[in-house]
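S.K.: Under full-length UniProt numbering, the letters of the sequence shown match residues 1 to 591, in that order. Cβ coordinates follow ideal geometry from the N, Cα and C atoms, glycine included.
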Amino acid sequence: MKYVLVSGGVISGVGKGIIASSAGLLLKTMGLKVSSIKIDPYLNVDAGTMNPREHGEVYVLDDGGEVDLDLGNYERYLNITLTRENNITLGKIYSKVIEQERRGDYLGKTVQVVPHITGCIEEWIERVARVPVDDTAEEPDVCIIELGGTVGDIEGMPFVEALAELRRNLPRDDFMQIHVSYIPVVHGEQKTKPTQMAAKAVRSAGLIPDLIACRCEKPLEQATIDKIARFCQVPNPHVLAVRDMPSTYQVPILLSEQNLVPLMTTTLQLDRLPISPALQQSGAHTWETWRALTLGLQHLHETVEIVLVGKYLEQPDSYLSVTKSLEHAAMRCRRKLVIKYVDAEHLEPATLATNAAAFYKARHDLSTARGILIPGGFGGRGTEGMIAAANWAREKKVPYLGICLGMQVAVIEFARSVCGVPLPQASSAEFDSDDEDRVIVSMPEHHPGKLGGTMRLGLRATVWQPDTEWSKLRALYGLQSGSVNERHRHRYEVNPAYIERLQGKGLEFIGKDETGVRMEVVELREHPWFVGVQFHPEYLSRVLEPSKPYLGFIAAAAGMLGSVLGGGGEEGRVNGHGRGHGLVNGDKMAY
Ligand code: GLN
């Protein structure tokens, strides 16, 4: 097992995850099997209870793990399937060590950060790195470890110490480190001092970077490179200049032009690994496809414009997988993606009274939308605005994609406007009381009185219902398959008592779970594209393999659904394959 540690210095949030996943992609294109581990030095056991307005999206895995959004980068770039264990938090490590201590496993010893916490981290990394993550079902050759935060943060110290130990215990050519730094420009001059200090901090913590990846807006000047090489004690070619690219999908190409492949090959002696010719060939094919898809993206001039009606818009990463899935689909359709974000609350009459300009702006954006997407969310805030958006999309025949909460509001809207279900029934139990007569009701088994890891989570099958061959979504997934697997994260569902009434008026429940009582997919027949899904297809969208609900939606918004429907439908993972935490109302998540 070879390890590539990607750490950060100076400031966080400069694209460490993209550099790490790009490095992984390059290894993969050589034919290697690549896994990844993301380390988050916070004390939360997982990201499941974190407010998206503060931390960005919660990413969901096949196994139901609610993890840091960076794991999404790896799954999307490397086309792999990770497990909850691939996200190590300090919370997980401490829980494990304390549990062992309570069991008496330490035989009366004093339990300490070094060696017990650090030992637990090392053992965890070495065990999880070996778990197969791709179709080969074989042990990976290389594991990319991304260390969250910056080296020197207090909470990250146990991880830095553990990684330094791991490095010392391994043969020299089994471990390398890429340290990602940032080069600010002051009065037109590229400044290297923060990078020098960052490199010093890493060395004094017992780690030795092999490569320094410098994030910068413009290309690095030769003098800057020379200086960094001298002060960070690496040869000149080991300084990578990662300038801003027109698209993050071009970062792997930039890194490849800066010889990252030969640099990793020599440092880790990768040429000594047995690589199967089949994987080598598929790696080369992936690289060709990647280049063809992403090179020249900035020259696409035909756009596809989407309105996303959300409630966590303050934090740009709240809908990361959703926007990535839209990008994947737009790239496939060769359109430049333009997303307009509309705050759901701005669509509500209350905003007209307090902020008329925002109200009219939001209404204008909605009424000129070519496609309307409502993503997932928790709690009642903003849902009346979402219902208004779903109403517009349905009546004006604007392509609509509702994800999870976005499906639930579409069902509520239909119940109100078409079936005449009165209030308070035409609402969700999540928005007011947990009454059982609502159109959207709670799934009792997912309300055990605590919040962490208790939703209906992870990969589950959706079975296509009889006589739904007309469905555009089904056609995209591939008509021949009886079901499809997608990832879930919800606590509420459509009330089975209302199905007949809704269906009678034309809201077709075309996909249900295996028991037939959980509604998974709604679609309107007489509409260019009106689809609601209870699952989150964005967690399985891949750069080279866009998610079907997103592809259909983007294609419909771009006026090219016909051609996409004509050509596609065979691939995909079809079966056989605020502030504070804001929790109110007992066990409801109401951000
Ligand atoms: N809040 C809704 C539920 O729990 C929707 C969840 C979501 O959008 N992820 O069912």
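1. Mapping DSSP to helix, strand and coil, what is K512?
2. How long is the line joining the alpha carbons of G17 and Q425, rounded to whole angstroms?
3. By DSSP, does L263 sit in helix, in strand, or in coil?
4. In chain order, what residues of the same chain have a beta carbon less than 6 Å from the beta carbon of L32, not counting five sequence neighbours either side?
5. Using only CA atoms, which one of A20, I499, S428 and C419 lies nearest to L211?
6. List in chain order the residues whose CB is within less than 5 Å of at least one heavy atom of the ligand GLN.
7. If you drop the 5 nearest sequence neighbours on each side, which residues of the same chain put their C-beta closer than 7 Å to that of V202?
8. Going straight from the alpha carbon of A25 to that of E436, what length do you get?
9. Under 7 Å from any heavy atom of the ligand ADP, does the C-beta of G24 make it?
10. Look at the Cβ atom of S325, then the Cβ atom of G56, and state whether they are nearer than 8 Å.
11. Determine the direct distance from the alpha carbon of I372 to that of E390, and round the result to whole angstroms.
12. Distance, Cα to Cα, L254 vs V45?
13. Could I get the ranges of all uninterrupted beta strand (DSSP E) runs contained in the stretch 192-267, with 3 residues as the minimum, in chain order?
14. Since H488 sits in a beta bridge, which residues does DSSP pair it with?
15. Looking at the structure shown, is E570 part of a helix, part of a strand, or coil, going by DSSP?
16. Which partner residues of H446 appear in the DSSP bridge assignment?
17. If contact is defined by three or more beta carbon pairs under 8 Å, each pair taking one atom from either stretch, is the stretch 284-298 in contact with the stretch 499-513?
18. Check the C-beta distance from Q534 over to E520 and give it rounded, since I have them as a contact under 8 Å.
19. Under a Cβ-count criterion, where at least 16 other Cβ atoms within 10 Å of its own Cβ denotes burial, should R130 be classed as buried or exposed?
20. For I412, which three-state DSSP category applies?
21. Grouping DSSP H, G and I as helix and E and B as strand, with all else coil, what is M176?
22. Kindly list the residues whose CB is nearer than 6 Å to the CB of V517, restricted to its own chain and excluding five residues on each side of it in sequence; keep chain order.
23. Taking only three categories from DSSP, how would you classify residue 599?
24. What number of angstroms, rounded off, separates the C-alpha of E66 from the C-alpha of L163?
25. For a minimum of 3 consecutive residues, which ranges assigned as the beta strand (DSSP E) are wholly contained in the stretch 14-68?
26. Mind reading off the beta-carbon distance from E122 to L82? Whole number of angstroms is fine, and I expect it under 8 Å.
27. Excluding the 5 residues preceding and the 5 following P41 in the sequence, name in chain order all residues of the same chain whose CB lies nearer than 7 Å to its CB.
28. Going by CA-CA distance only, name the one from N355, G532 and V342 that's closest to Y400.
29. Note down the Cα distance separating E500 from R416, rounded to an integer number of angstroms.
30. Would you check if there are 3 or more beta carbon pairs closer than 8 Å linking the stretch 184-200 to the stretch 219-238?
31. CA-CA distance, L565 and L479?
32. What would DSSP say about L583, mapped onto helix, strand or coil?
33. Using the beta-carbon count (16 or more within 10 Å), is M455 buried or exposed?
34. Run the CB neighbour count on G482, radius 10 Å, all protein chains shown included, and call it buried at 16 or more, exposed below.
35. Let me check one thing: in DSSP terms, what residues is M407 bridge-paired to?
M.R.: On the basis of the supplied data:
1. In the sequence shown, residue 512 corresponds to position 512, counting from 1. Here K512 sits in strand by DSSP.
2. Indexing the sequence shown from 1 puts residue 17 at position 17. Indexing the sequence shown from 1 puts residue 425 at position 425. Straight-line spacing of the CA atoms in G17 and Q425 works out to 45 Å.
3. Working through the sequence shown from its first residue, we reach residue 263 at position 263. Here L263 sits in helix by DSSP.
4. Sequence index remark: in the sequence shown, residue 32 carries index 32 (1-based). Hits under 6 Å: D141 and V142.
5. On the sequence shown, position 211 is the one that residue 211 refers to. Minimum Cα distance to L211 is reached at A20.
6. Ordered along the chain, the selected set is G376, F378, C404, L405, R489, H490, R491 and Y492.
7. Here residue 202 refers to the residue found at position 202 when the sequence shown is read from its first residue. Same-chain partners within the cutoff: S7, G9, V151, H179 and P209.
8. In the sequence shown, the residue the question calls residue 25 occupies position 25. In the sequence shown, the residue the question calls residue 436 occupies position 436. Looking at the sequence shown, residue 25 is not Ala but Leu. Pairing L25 with E436, the inter-Cα distance amounts to about 48 Å.
9. Looking at this structure, you won't find the ligand ADP anywhere; what it does contain is the ligand GLN.
10. If you number the sequence shown from 1, residue 325 lands on position 325. If you number the sequence shown from 1, residue 56 lands on position 56. The answer is no: Cβ separation not under 8 Å.
11. Walking along the sequence shown from the start, residue 390 turns up at place 390. Walking along the sequence shown from the start, residue 372 turns up at place 372. Checking the sequence, you will find Ala at residue 390 rather than Glu. Roughly 8 Å between the two C-alpha positions.
12. The residue given as residue 254 occupies position 254 in the sequence shown. The residue given as residue 45 occupies position 45 in the sequence shown. Approximately 36 Å between the Cα atoms of the pair.
13. Runs found: 211-216 and 239-243.
14. Mapped onto the sequence shown, residue 488 falls at position 488. Note: H488 sits in a beta bridge opposite G458.
15. Here residue 570 refers to the residue found at position 570 of the sequence shown. In this predicted model, E570 has a pLDDT of only 41, less than 50, meaning its place in the structure is not dependable; the value taken from the coordinates is given anyway. Coil, per DSSP.
16. Residue numbering aside, residue 446 sits at position 446 when the sequence shown is read from its first letter. As computed with DSSP, H446 is found in no beta bridge at all.
17. The stretch 499-513 vs the stretch 284-298: no contact.
18. Numbered from 1 along the sequence shown, position 534 holds the residue referred to as residue 534. Numbered from 1 along the sequence shown, position 520 holds the residue referred to as residue 520. Cβ-Cβ separation between Q534 and E520: approximately 5 Å, consistent with a contact (criterion under 8 Å).
19. Residue 130 sits at position 130 when you count from the first residue of the sequence shown. Exposed: under 16 other Cβ atoms inside 10 Å.
20. Here residue 412 refers to the residue found at position 412 of the sequence shown. In the structure shown, I412 adopts helical secondary structure according to DSSP, grouped into three states.
21. Residue 176 sits at position 176 when you count from the first residue of the sequence shown. Looking at M176 - three-state DSSP - the assignment turns out to be strand.
22. Along the sequence shown, read from residue 1 onward, the residue named residue 517 stands at position 517. Closer than 6 Å at the Cβ level, and outside the excluded window around V517, lie P496.
23. The structure shown does not extend to residue 599, since the chain is modelled only from 1 to 591, so the question has no answer here.
24. Within the sequence shown, the letter at position 66 stands for residue 66. Within the sequence shown, the letter at position 163 stands for residue 163. When rounded, the distance between both Cα atoms is 24 Å.
25. DSSP runs (the beta strand (DSSP E)) wholly in the stretch 14-68: 34-40.
26. Residue numbering aside, residue 122 sits at position 122 when the sequence shown is read from its first letter. Residue numbering aside, residue 82 sits at position 82 when the sequence shown is read from its first letter. At roughly 19 Å, the Cβ-Cβ gap does not stay under 8 Å, so E122 and L82 are not in contact.
27. To locate residue 41, count along the sequence shown from 1; it is residue 41. These residues qualify, in order along the chain: L90, G148, G149, D153, E155, G156 and F159.
28. Residue 400 sits at position 400 when you count from the first residue of the sequence shown. Taking only the C-alpha atoms, the option nearest Y400 is G532.
29. For the purposes of this step, residue 500 is identified with residue 500 of the sequence shown, where counting begins at 1. For the purposes of this step, residue 416 is identified with residue 416 of the sequence shown, where counting begins at 1. Taking the straight line from one Cα to the other gives about 15 Å.
30. Yes: the two stretches touch, three or more of their Cβ pairs being nearer than 8 Å.
31. For the purposes of this step, residue 565 is taken as residue 565 along the sequence shown, with counting starting at 1. For the purposes of this step, residue 479 is taken as residue 479 along the sequence shown, with counting starting at 1. Rounded to the nearest angstrom, the two C-alpha atoms are 11 Å apart.
32. As a first step, residue 583 must be located in the sequence shown, where it is residue number 583. Legend: pLDDT at L583 = 31, less than 50; position of this residue unreliable, value from coordinates given subsequently. Residue state, collapsed to three classes: coil.
33. Your numbering for residue 455 matches position 455 in the sequence shown. Classification of M455: buried, given that the 10 Å Cβ count is 16 or more.
34. In the sequence shown, the residue the question calls residue 482 occupies position 482. Per the 10 Å Cβ criterion, exposed.
35. Locating residue 407 in the sequence shown gives position 407, where the first residue counts as 1. Per DSSP, none; premise fails for M407.
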